[in-house]
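Please read the structure below before turning to the comments.
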Amino acid sequence: MIDLDSHLLRAFLAVAEIGTVSGAAASLNRTQAAVSMQLRKLENLVGVRLFSRSSKGLSLTEHGQILLPYAREIVTLGDEAGKRLTGKTIRDRIRLGVVEDFAAGHLIEILRNFRDQNPDIEIDIIIEPNRRLADLFSEGALDVAVCDITCLSRKPTLIWTEYRMWTVRSDFVVDAGKPLPIIMFEEGCPWKTPTTGALSQRNIKWKTACVASTLVAMATAVRVGIGIGPMITSTQPEGCRTLDKSSDLPGPIRIEIGLYNQPEIAEGARYLVEFIARHAAMLPA
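According to my numbering, the sequence shown holds residues 13 to 297 in order.
What follows is the structure, encoded as structure tokens:
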């Protein structure tokens, strides 16, 4: 078993963020020699190279990318445990806006872990469509927002990729002689364009069998058997399945979700953003 020393991981994280040993040493108030020694010790400990070196500095290798979210988690948990044991807890209230599809899937586990570690931080969870979340965030009504990146012009703290898979009731049979009955997103939803694009890419004949304005509406229409709905795998309802891959059927729809936070936020909100970012990096692809 490998015992990952938090001091080594702090050096690793500093170099990963800054890109140079000299910059990391300055941020940690250590000498370059000390930081270089810690990196060598960590690489010897794990048995793989964590950084590739070039004239531009250091960049993470594939193994370094794997270690990154775990290193952040270990260091942060150690800091948080120290605060809790010494009675220094964070007490804040956070306004978190999340698009429904993410809230019903990955977010549940992430927030449950966050609350277990931070019971004194209150969270108001606002579930709205993508564009409504973007408006609320722009108006300052949200501290943190998780929504499609096409809805906000500013750079997100983190971007991760999701795929909407073509979902049907388990006993649904595709009739090759008829247009595909598609459960479509409502007008204005940023996911409507990539959905129609996936259909037109293969010149597939289709029709709008139903318009769904929410995840519940999409799941209900699929379960009733109205047609085929593009859904993130983690939100597919019971009794449904993903259509088998076929050249005659559309491919998965790629979407990008962004994590946004206001420039000035309280300590609790900042910690939540860091927590979501770490856990999102460890989500299964």
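Ideal placement from N, C-alpha and C gives every residue a C-beta, glycine not left out.
Please read all numbers here as calculations on a predicted model, not as lab measurements.
- [ ] Have a look at the DSSP bridge pairing and note the partners of K219.
- [x] According to DSSP, K219 bridges with P193.
Open item on the list: Distance check for L271 and R22, CA to CA, integer angstroms please.
Closed with: Going by the C-alpha atoms only, they are around 24 angstroms apart.
Task: Beta bridge counterpart(s) of V156 as assigned by DSSP - done: For V156, which the question treats as bridged, DSSP gives the partners L108, N273.
- [ ] Would you please state the rounded distance, in angstroms, between the beta carbons of I133 and G280? I believe it to be under 8 angstroms.
- [x] Between I133 and G280, the beta carbon gap of about 4 angstroms places them in contact (Cβ cut-off 8 angstroms).
Open item on the list: Measuring alpha carbon to alpha carbon, tell me which residue in P202, K167, R266, G152 is nearest V111.
Closed with: The residue from P202, K167, R266, G152 with its alpha-carbon nearest to that of V111 is P202.
Task: Own chain partners of T220 with C-beta closer than 7 angstroms, once the 5 adjacent residues on each side are dropped - done: Apart from sequence neighbours up to five positions away, the residues of its chain that approach T220 with a beta-carbon distance below 7 angstroms are I194, M196, ordered along the chain.
Task: Simplified DSSP state of I288, which is helix, strand or coil - done: Three-state DSSP puts I288 in a helix.
Task: Any C-beta of chain B under 8 angstroms from that of I122 - done: Reference to chain B is not applicable here, since this structure consists of a single protein chain.
Open item on the list: Using 8 angstroms as the threshold, is the C-beta distance between D113 and T247 below it?
Closed with: A contact, by the Cβ cut-off of 8 angstroms.
Task: Cβ-based neighbour list, I238, same chain, cut-off 8 angstroms, excluding 5 preceding and 5 following - done: Cβ neighbours of I238 beyond the five flanking positions: P193, I195, A221, C222.
TODO: Starting from S64, follow its DSSP beta bridges and name the residues at the other end.
DONE: Beta-bridge annotation (DSSP): S64 is paired with S71.
Open item on the list: Which residue wins for smallest C-alpha separation from L72, given the options A45, A26, K53, R107?
Closed with: Here the closest residue by C-alpha is A26.
Task: Buried versus exposed, by CB contacts within 10 Å (16 or more), T179 - done: It counts as buried.
- [ ] Measure the Cβ-Cβ separation of I106 and I135 and say whether it is below 8 angstroms.
- [x] Cβ atoms of I106 and I135: closer than 8 angstroms.
Task: Proximity to H291 [Cα-Cα], best of L170, T254, L62, N56 - done: Just measuring C-alpha positions, the residue of L170, T254, L62, N56 sitting nearest H291 is L170.
Task: Nearest to A210 (by Cα), restricted to the options C252, P264, L227 - done: Taking only the C-alpha atoms, the option nearest A210 is P264.
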